[in-house]
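Structure first, commentary second.
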Amino acid sequence: MDSARRWLSRVIWIGVFANLLLALPTLISPARSISFSGLPAASPLLWPRFSALLLILLSAFYVPAAVDPDRYRVIAWMAVGARLAGAIFFIGFQPAEYRMLGYFDFAFFVPELILLLRLAPASAAPAARFGVAS
0 MDSARRWLSR
10 VIWIGVFANL
20 LLALPTLISP
30 ARSISFSGLP
40 AASPLLWPRF
50 SALLLILLSA
60 FYVPAAVDPD
70 RYRVIAWMAV
80 GARLAGAIFF
90 IGFQPAEYRM
100 LGYFDFAFFV
110 PELILLLRLA
120 PASAAPAARF
130 GVAS
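Numbering (numbering that gives the first Met the number 0), first residue to last: 0 to 133.
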């Protein structure tokens, strides 16, 4: 159980940093980021910048689950759901050029889901932390 908790936290943190690696350059220099990634040009550049800002904000909401997945179990489930939503959006509903963004989310969705499912039920977690039998 502790192993799953540690690894879930690690995977969420890696996902946060990976999101920031995508979002920060796009926020600062969207045209260069789009060109570098091989995505179609966007106009106006306000929209890729705004998307980058939203990705940064979304990543900030993942942090509580990365810090303590037991205490913030609902946030952990929402983070997993957000990864699934991103994968479905980009893989299922966008042109092929954008599918890599969906695969990116899917690569985090799968291990996060598996690790979250391996944790004890949320109601048992606080009692177990304090050595109280349920």
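For each residue, glycine too, the CB sits at the ideal point set by N, CA and C.
Roughly how far, in whole angstroms, is the beta-carbon of R48 from the beta-carbon of L21, given that I think they are within contact range, below 8 Å? About 13 Å; that fails the 8 Å criterion.
Just tell me which of A95, I55, L114, S50 has its CA closest to the CA of V79. Nearest C-alpha to V79: L114.
Quick one: residues in its chain with C-beta nearer than 7 Å to the C-beta of F64, no 5 flanking neighbours on either side, listed in chain order? The identity of residue 64 in the sequence shown is Ala, whereas the question assumes Phe. Cβ within range, chain order: I11, Y71, I74, A75, A78.
Work out the CA separation of I33 and A41 for me, nearest whole Å. 8 Å
I need the DSSP call for Y71, collapsed to helix, strand or coil. Three-state DSSP puts Y71 in coil, outside helix and strand.
G37 by DSSP, collapsed to three states: which one? coil
Excluding the five sequence neighbours on either side, which residues of its own chain have a C-beta within less than 7 Å of the C-beta of L19, listed in chain order? I55, S58
Under the three-state reduction of DSSP, which class applies to P120: helix, strand or coil? coil
Verify whether the separation of the beta carbon atoms of P68 and R9 is less than 7 Å. no
Using the C-alpha atoms, what's the distance from L7 back to L52? 25 Å
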